[in-house]
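To start, the structure under review is shown below, and the notes come after it.
2 protein chains.
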Amino acid sequence: MELRHLRYFTAVADQGSFSGAARRLHVAQSAISEQLANLEHEIGAALFERSARKTGLTPAGRAFLEEARRILASADHAIDVAQRVHRGEAGTIRIGFFTGSMGMDLPRLIRTFRRQYARVRLSLVEMTPKQQWTALLEGKIDVGFTRRLEPEFRSELRAITLHQDPIVAILPKNHPAAPGPVDLRDLADENFVLSSRDVSPAVFDKVIELCSEAGFSPRIASISSVWSSVALMVQAGEGISLLPLNEQQFRTRDLAFCPLKAKNAFVEFVMAWSPRRDNPLTRSFRQLALAHHRDVAVRG
Amino acid sequence: MELRHLRYFTAVADQGSFSGAARRLHVAQSAISEQLANLEHEIGAALFERSARKTGLTPAGRAFLEEARRILASADHAIDVAQRVHRGEAGTIRIGFFTGSMGMDLPRLIRTFRRQYARVRLSLVEMTPKQQWTALLEGKIDVGFTRRLEPEFRSELRAITLHQDPIVAILPKNHPAAPGPVDLRDLADENFVLSSRDVSPAVFDKVIELCSEAGFSPRIASISSVWSSVALMVQAGEGISLLPLNEQQFRTRDLAFCPLKAKNAFVEFVMAWSPRRDNPLTRSFRQLALAHHRDVAVRG
DNA sequence: AAAAACCGATAGGCTAAGCCTATGGAATTA
DNA sequence: TAATTCCATAGGCTTAGCCTATCGGTTTTT
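Chains as they are written, first to last, in the working numbering: chain A, 5 to 304; chain B, 5 to 304.
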């Protein structure tokens with residue numbers, strides 16, 4: 005079955021006549037006859053009742069007509085949708101985010117965008133900062149809220165810094181250094197519970213860098229990939245941790261979050277995209293995100 | 005655009021490769037290339053990003069893919085629906101009825117049928133008994149609840165009598181003949197408000213026949229096509245009326261409905277259909293209607 | 001570093017699908 | 001009865017869609 009069959013079929017149904025439809029479609033009547041015979045043969049049921057002088061639908065034909073109209077309308081719609089997306093008037097923006105993005109008021113940005121671009125769907129995909137880079141390259145997401153890019157991605161991806169996220173020490177409530185500000189040198193002999201480098205090289209490397217500037221290399225007791233298990237470990241006395249402030253989803257009563265004295269204790273929160281896959285729609289999303297974030301930054 | 009384009013398109017989208025799709029569809033890779041180039045040209049937007057080694061969708065392509073899948077599914081569905089209707093498993097039964105049919109417990113029949121044939125839609129069309137005959141011939145309805153057929157339709161249509169509907173005299177409350185039983189001869193000098201012969205020849209002719217048997221031909225004061233205006237006329241003292249009992253939708257306080265003494269004061273309530281357009285679905289509907297009516301008759 | 005493998009685009013030829021004109025049978029209209 | 005209108009069918013033509021083969025480009029293998 006092809007759309008041609010449906011076009012012919014609906015034309016005949018509309019006109020109530022094969023030859024009438026042929027005139028309307030600017031083809032010979034025999035073409036209509038042949039195509040509809042094929043269609044009926046494929047379906048295995050008569051769609052028309054042919055009696056000389058008058059042509060009407062069978063019950064099966066009436067049922068098929070409803071569907072045929074719907075399909076033809078959908079076909080037009082499909083082309084229209086593709087064109088609108090091509091022009092940047094509609095579509096889906098796939099957004100990568102990670103736990104820490106939520107602290108940055110991403111939800112409010114989403115709401116703002118939804119209001120302004122009602123025809124645009126937003127699809128949110130949770131990924132680690134590192135996963136987002138490759139996802140951007142592969143075109144699995146259009147924009148990523150992630151950490152500063154590793155050098156190997158700098159040529160292929162663009163990124164703009166939205167925020168400097170302070171790194172804090174996470175200590176048991178009763179730790180002598182709490183509540184800070186903490187000098188990292190005082191923590192040199194602690195065990196560290198860090199988040200995996202696979203999740204966010206930027207954070208991991210920054211932690212190592214800070215420790216090294218403080219004159220030691222951290223003794224790593226355990227590595228974890230999710231915030232909740234880091235919290236659990238620290239509470240359990242397994243060690244202490246250093247993490248960006250915004251990655252903490254909820255403050256736990258039993259933990260202290262202590263600022264560091266080091267002035268470069270920050271990791272960047274960036275919005276990244278692939279210039280090679282740029283398109284009008286994601287461009288306007290980025291623009292709005294930037295404006296939105298400036299707005300938030302000024303308020304805060 | 006043809007369905008072929010959509011089949012090729014979704015295959016490529018699924019396989020992530022032109023040649024892969026070609027293998028799956030058992031055609032040459034060049035055929036895929038050509039057809040998709042045509043499709044993209046018609047839409048006016050690229051649907052795929054071709055880079056050697058990897059082929060992915062553009063944003064427009066992703067949007068189009070959703071629609072394409074829907075359309076292909078609809079096409080399968082359309083064929084399926086037509087086949088089911090052809091086999092009598094689904095479809096729409098278009099039923100003609102007139103005011104009097106409601107008195108015959110048509111609503112309950114509808115409900116019963118709906119329960120048993122959930123996939124079948126019933127479409128109810130109000131028409132006069134006479135309109136139903138031609139509608140049956142033209143295939144505008146599948147079954148009609150109507151009055152006895154005029155002779156000219158007897159060869160083309162079948163009808164089965166469900167009920168004999170007594171004709172009653174409709175008199176002002178204080179009329180001397182009320183509440184009956186009435187001998188028609190007592191009404192010979194009255195003015196009559198009758199319903200139009202165009203609405204129901206059976207009723208009109210029966211009324212004339214009854215009067216003629218009573219030895220007079222009725223003086224017709226007014227002819228009306230709807231019950232409510234007949235009631236209005238009689239209440240206003242314009243005349244009296246003779247109508248089938250079941251065509252009265254609601255009893256009005258100011259009117260008397262009086263049985264006649266004549267023993268043939270009946271018109272038939274019939275179910276009619278066109279044997280030429282018969283199909284399994286309407287056949288089973290008729291069967292159920294018959295059983296249902298027997299049931300009602302026994303109870304009453 | 002060269003070779004092999006794989007990708008999609010393109011060219012040229014072939015075939016069959018779809019269209020055309022012409023005709024025929026059936027029913028309606030003049 | 002003749003003329004008209006309907007749809008089906010036959011036969012021929014054109015072209016759309018498919019095939020094979022090849023090319024340039026990239027990745028993978030050797």
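Ideal Cβ placement from N, Cα and C applies to all residues, glycine included.
Short CB-CB distance (under 8 angstroms) between residue i and chain B
i      : result
A/F68  : yes
A/L285 : yes
A/P326 : Lying outside 5 to 304, the shown extent of chain A, residue 326 of chain A is not represented and no answer is given.
A/E93  : no
A/A26  : no
A/G60  : yes
A/R54  : no
A/G143 : yes
A/A235 : no
A/A64  : yes
Rounded C-alpha distance that separates residue i from residue j
i      : j      : result
B/S278 : B/T116 : 23 angstroms
B/A266 : B/S200 : 22 angstroms
A/Q168 : B/A50  : 39 angstroms
B/F270 : B/C215 : 13 angstroms
B/H81  : B/R88  : 10 angstroms
B/A181 : B/N250 : 21 angstroms
B/R152 : B/L140 : 14 angstroms
A/L43  : A/H9   : 7 angstroms
B/R112 : A/A32  : 50 angstroms
B/R257 : B/S228 : 21 angstroms
B/I83  : A/I47  : 6 angstroms
B/V289 : B/T150 : Contrary to the premise, residue 289 of chain B reads as Phe rather than Val in this sequence. Straight-line Cα distance between these residues: approximately 16 angstroms.
A/C262 : A/E242 : 18 angstroms
B/H45  : A/A79  : 16 angstroms
A/D202 : A/K134 : 7 angstroms
A/R162 : A/L188 : 33 angstroms
B/R26  : B/A41  : A small correction: the amino acid at residue 26 of chain B is Ala; Arg does not occupy that position in the sequence shown. Answer to the nearest angstrom: the Cα atoms are 15 angstroms apart.
A/R303 : A/Q120 : Confidence is the limiting factor: at A/R303 the pLDDT is only 40, short of 50, which leaves the residue's position unreliable, though a coordinate-based value still follows. Distance between the alpha carbons of A/R303 and A/Q120 is about 21 angstroms.
B/G60  : A/P185 : 50 angstroms
B/R54  : B/R28  : 19 angstroms
Short CB-CB distance (under 8 angstroms) between residue i and chain A
i      : result
B/N178 : no
B/L7   : yes
B/P279 : no
B/G304 : In this predicted model, B/G304 has a pLDDT of only 32, less than 50, meaning its place in the structure is not dependable; the value taken from the coordinates is given anyway. Taking Cβ atoms only, chain A never reaches closer than 8 angstroms to B/G304, which makes this a no.
B/T96  : yes
From the options, residue whose alpha carbon lies closest to that of residue i
i      : options                        : result
A/Q39  : A/T59, A/Y12, A/S55            : A/Y12
B/I311 : B/D109, B/M275, B/G92          : Since the first residue of chain B shown is 5 and the last is 304, residue 311 of chain B is not available in this structure.
B/V129 : B/T103, B/A122, B/R280, B/R189 : B/T103
B/K210 : B/S34, B/L264, B/S23           : B/L264
B/N195 : B/R290, B/F220, B/I83          : B/F220
B/H30  : B/A15, B/V230, B/I244          : B/A15
A/Q252 : A/R98, A/S105, A/T165, A/V124  : A/S105
A/K58  : A/P248, A/A206, A/F22          : A/F22
A/V197 : A/I99, A/V238, A/P170          : A/V238
A/E217 : A/H296, A/D109, A/E156, A/D190 : A/D190
B/L7   : A/P155, A/I244, A/A72, A/V234  : A/A72
A/T62  : B/A295, B/S232, B/R290, B/D282 : B/D282
B/G20  : B/R123, B/R66, B/R158          : B/R66
B/V230 : B/P155, B/L247, B/A64          : B/L247
A/I171 : A/S159, A/S245, A/I99, A/R123  : A/S245
A/A295 : A/I164, A/G95, A/G100, A/A35   : A/I164
B/F292 : B/L166, B/R74, B/V207, B/R27   : Per the sequence presented here, residue 292 of chain B reads as Leu, with Phe not at that position. Minimum Cα distance to B/L292 is reached at B/L166.
A/V147 : A/T286, A/H297, A/A94          : A/T286
B/T96  : B/R125, B/A25, B/P183, B/P185  : B/R125
B/G100 : B/R119, B/R298, B/S127         : B/S127
B/N178 : B/W137, B/P222, B/L259         : B/L259
Residues bridged to residue i [DSSP beta-bridge criterion]
i      : result
B/M275 : B/F149, B/I164
A/V197 : A/S226
A/T96  : A/R125
A/F68  : DSSP, once it has assigned bridges, lists no residue as partnering A/F68.
A/C262 : A/A173
B/E251 : DSSP output for B/E251 lists no bridge partner at all.
B/K210 : Paired residue(s): none; B/K210 is not in a bridge.
A/F322 : Because chain A spans 5 through 304 in this model, residue 322 of chain A falls outside it and cannot be assessed.
query: When Cβ atoms are compared, which residues of the segment 66–90 of chain A fall closer than 7 angstroms to chain B?
result: R66, A67, F68, E71, A72, R74, I75, S78, A79, H81, A82, I83, V85, A86, Q87, V89, H90
field: Contact set between the segment 157–171 of chain B and chain A, restricted to residues whose Cβ is under 7 angstroms from the partner
entry: none
- prompt: the segment 19–51 of chain B: which residues have C-beta closer than 9 angstroms to a C-beta of chain A, in chain order?
  reply: E46, I47, G48, A49, A50, L51
task: Quick one: which residues of the segment 99–124 of chain A get their C-beta closer than 9 angstroms to a C-beta of chain B? List them in chain order.
output: none
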